[in-house]
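The structure appears right after this line, and notes come after that.
There are 2 protein chains.
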Amino acid sequence: MTDQPPRLRPSPPADPGATRPYHHGDLRAALLAAAEEELAERGVEGFSLRQVAKRAGVSHAAPAHHFGDAKGLLTALAAEGFRQFLAAQAAREAEAPPDPGEQLVAAGLGYVDFAMARPALFHLLWQSERPDFGDAELGQAARAAFQHLVDQVSAAGGTSTADEGAVWAMAHGLADLLASGRLSGMLTLPPEAREAMIAGVLRRALPRR
Amino acid sequence: MTDQPPRLRPSPPADPGATRPYHHGDLRAALLAAAEEELAERGVEGFSLRQVAKRAGVSHAAPAHHFGDAKGLLTALAAEGFRQFLAAQAAREAEAPPDPGEQLVAAGLGYVDFAMARPALFHLLWQSERPDFGDAELGQAARAAFQHLVDQVSAAGGTSTADEGAVWAMAHGLADLLASGRLSGMLTLPPEAREAMIAGVLRRALPRR
DNA sequence: TCCTTATCTTGACACTGTCAGGATATGGGG
DNA sequence: CCCCATATCCTGACAGTGTCAAGATAAGGA
Numbered sequence: 001m002t003d004q005p006p007r008l009r010p011s012p013p014a015d016p017g018a019t020r021p022y023h024h025g026d027l028r029a030a031l032l033a034a035a036e037e038e039l040a041e042r043g044v045e046g047f048s049l050r051q052v053a054k055r056a057g058v059s060h061a062a063p064a065h066h067f068g069d070a071k072g073l074l075t076a077l078a079a080e081g082f083r084q085f086l087a088a089q090a091a092r093e094a095e096a097p098p099d100p101g102e103q104l105v106a107a108g109l110g111y112v113d114f115a116m117a118r119p120a121l122f123h124l125l126w127q128s129e130r131p132d133f134g135d136a137e138l139g140q141a142a143r144a145a146f147q148h149l150v151d152q153v154s155a156a157g158g159t160s161t162a163d164e165g166a167v168w169a170m171a172h173g174l175a176d177l178l179a180s181g182r183l184s185g186m187l188t189l190p191p192e193a194r195e196a197m198i199a200g201v202l203r204r205a206l207p208r209r
Numbered sequence: 210m211t212d213q214p215p216r217l218r219p220s221p222p223a224d225p226g227a228t229r230p231y232h233h234g235d236l237r238a239a240l241l242a243a244a245e246e247e248l249a250e251r252g253v254e255g256f257s258l259r260q261v262a263k264r265a266g267v268s269h270a271a272p273a274h275h276f277g278d279a280k281g282l283l284t285a286l287a288a289e290g291f292r293q294f295l296a297a298q299a300a301r302e303a304e305a306p307p308d309p310g311e312q313l314v315a316a317g318l319g320y321v322d323f324a325m326a327r328p329a330l331f332h333l334l335w336q337s338e339r340p341d342f343g344d345a346e347l348g349q350a351a352r353a354a355f356q357h358l359v360d361q362v363s364a365a366g367g368t369s370t371a372d373e374g375a376v377w378a379m380a381h382g383l384a385d386l387l388a389s390g391r392l393s394g395m396l397t398l399p400p401e402a403r404e405a406m407i408a409g410v411l412r413r414a415l416p417r418r
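Protein chains in written order, with the numbering used here: chain V, 1 to 209; chain X, 210 to 418.
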């Protein structure tokens, strides 16, 4: 497992005795950080806007000014999540040999890394309908993220829709099943062996020569 | 266990003038049907127990007696969903040649069929935390469903955890991406071409000889 | 200094899931 | 036949949720 992209800064201790200034200073960033913590603890389905506000030490209606509504907050969080998702792939590629095939496998490993390290955020990005995927910023971040794999396929000699779909589906299937705790046969393996097996499985989707 | 419902009202407008009998007759089945409709229309994240009760033409607390709480209803729905998921695979296999490899591909096609035909239910089965997967009935149905693919892999000559994982991940990745409207390159294909491409991609995951 | 703007709080509303207690039908025993 | 134990369903209440309206407070420029 390689380095993960830095998480949003952890939320403040929320000292109840401390007199908090009326203006927070950087509430937007604090709310995003609190939202991701809430997401990790309660899941997408248990996500509560008021709980996020409470965690950030602010009134229940404070998020509205920065994000409009809950969908707006989750949209911003998803956009940031897609950027970190892309960064997870880049981190793996930086450690891999420059061979196009190896780079493609590395991207797939980063795909799986991200899903296993932050399953709730992965869920928000790929299976939730709560973010507004019509939003410009989120749309751009999302397209950039899953276009990256497609580009890697081309670089590795893929030419068809089938090539793109196969690699994407294999990486995504592994990521989703592993993130949700299935594929126990792989999960119980020691990390190095598991990683090697994932790489081997990813290679099956590669265009054959 | 469940009798065939005499009338599974597909969309009961809850006729206000009609005097409904105090006892419904087969409320449990009607609630399950209403729940799946609600699921299809609003998605897992928009699911509302009260809305289900209203759709079935019954008071908001009526479901409690049959299912306990919302989790209980979704657990029962998920168990039924897994059985139908398995049936979708079996339906494809019945039309395929008896060759083990072809049977395995057929199972994968059924896997994808189900996800595309009923994406919200697929989402409930695989990505939701609302059903109680510790429940005995649901656990049995779930295990039977995703054990089937693994058995097919063995029959087709698969011997390793990698073989099982590869086929499962490929089928699952295709199903999830297609159900959520991604993989547009495949979605825009005519059905026969799309099906052939999916089969071809599934074959990539098969153990090579 | 004063006023405009941004930021945050308080209060309210409709909706949700769940619980408690009451109403009604069903079926079997007397 | 009557009666009542039980299953079934309803009404009402409560806390929690997202969102809106209106007010309070701070920041910054004229």
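Quick reminder that beta carbons are idealized off the backbone N, C-alpha and C, glycines included.
Each of V:M186, V:L27 and V:L39 was checked against the Cα of S59 (chain V), and the nearest Cα belongs to V:L27. In summary, P306 (chain X) is exposed, with fewer than 16 beta-carbon neighbours lying within 10 Å of its beta-carbon over all protein chains present. In this structure, M186 (chain V) sits near G374 (chain X), with a CB-CB distance shorter than 8 Å. Under the 8 Å Cβ criterion, the region 129 to 137 of chain V does not count as touching the region 100 to 112 of chain V, having fewer than three qualifying pairs. Counting C-beta pairs closer than 8 Å gives three or more between the region 365 to 380 of chain X and the region 199 to 208 of chain V, which meets the contact rule. The continuous stretches of alpha helix (DSSP H) do not include P306 (chain X), and DSSP gives it neither H nor E.
Around A107 (chain V), the same chain offers Q89, R92, E93, H148, L149, Q152 and A171 as residues with beta carbons nearer than 8 Å, after the five sequence neighbours per side are excluded.
Taking a Cβ-Cβ cut-off of 7 Å, E38 (chain V) has no neighbours in chain X, whose nearest Cβ is about 14 Å from it. Following the DSSP letters along the chain, one finds R237 (chain X) inside the alpha helix (DSSP H) bounded by residues L236 to R251.
In terms of beta-carbon proximity, D385 (chain X) lines the interface with chain V, with at least one pair separated by less than 8 Å.
A distance below 7 Å between beta-carbons, with the five flanking residues on each side excluded, links E245 (chain X) to the following residues of its chain, in chain order: L286 and L330. Contact annotation: L282 (chain X) and L258 (chain X) have beta-carbon atoms nearer than 8 Å.
Residues of the region 183 to 207 of chain V whose Cβ lies closer than 7 Å to any Cβ of chain X, in chain order: L183, G185, M186, M197, G200, V201, R204 and A205.
Across the set X:E254, X:V253 and X:L241, the C-alpha of X:L241 shows the shortest separation from the C-alpha of H275 (chain X). Contact of T75 (chain V) with chain X is not assigned, every C-beta pair being separated by 8 Å or more.
Nearest in C-alpha terms to A351 (chain X), of all of X:V321, X:L334, X:L248 and X:R339, is X:L334.
In the structure shown, the three-state DSSP call for R413 (chain X) is helix.
Exclusion of the five residues before and after V261 (chain X) leaves L240, A243, A244, E247, P272 and L282 as the residues of its chain whose Cβ lies within less than 8 Å of its Cβ. Burial is judged here by how many other beta carbons sit within 10 angstroms of a residue's own beta carbon; P119 (chain V) has at least 16 and is buried.
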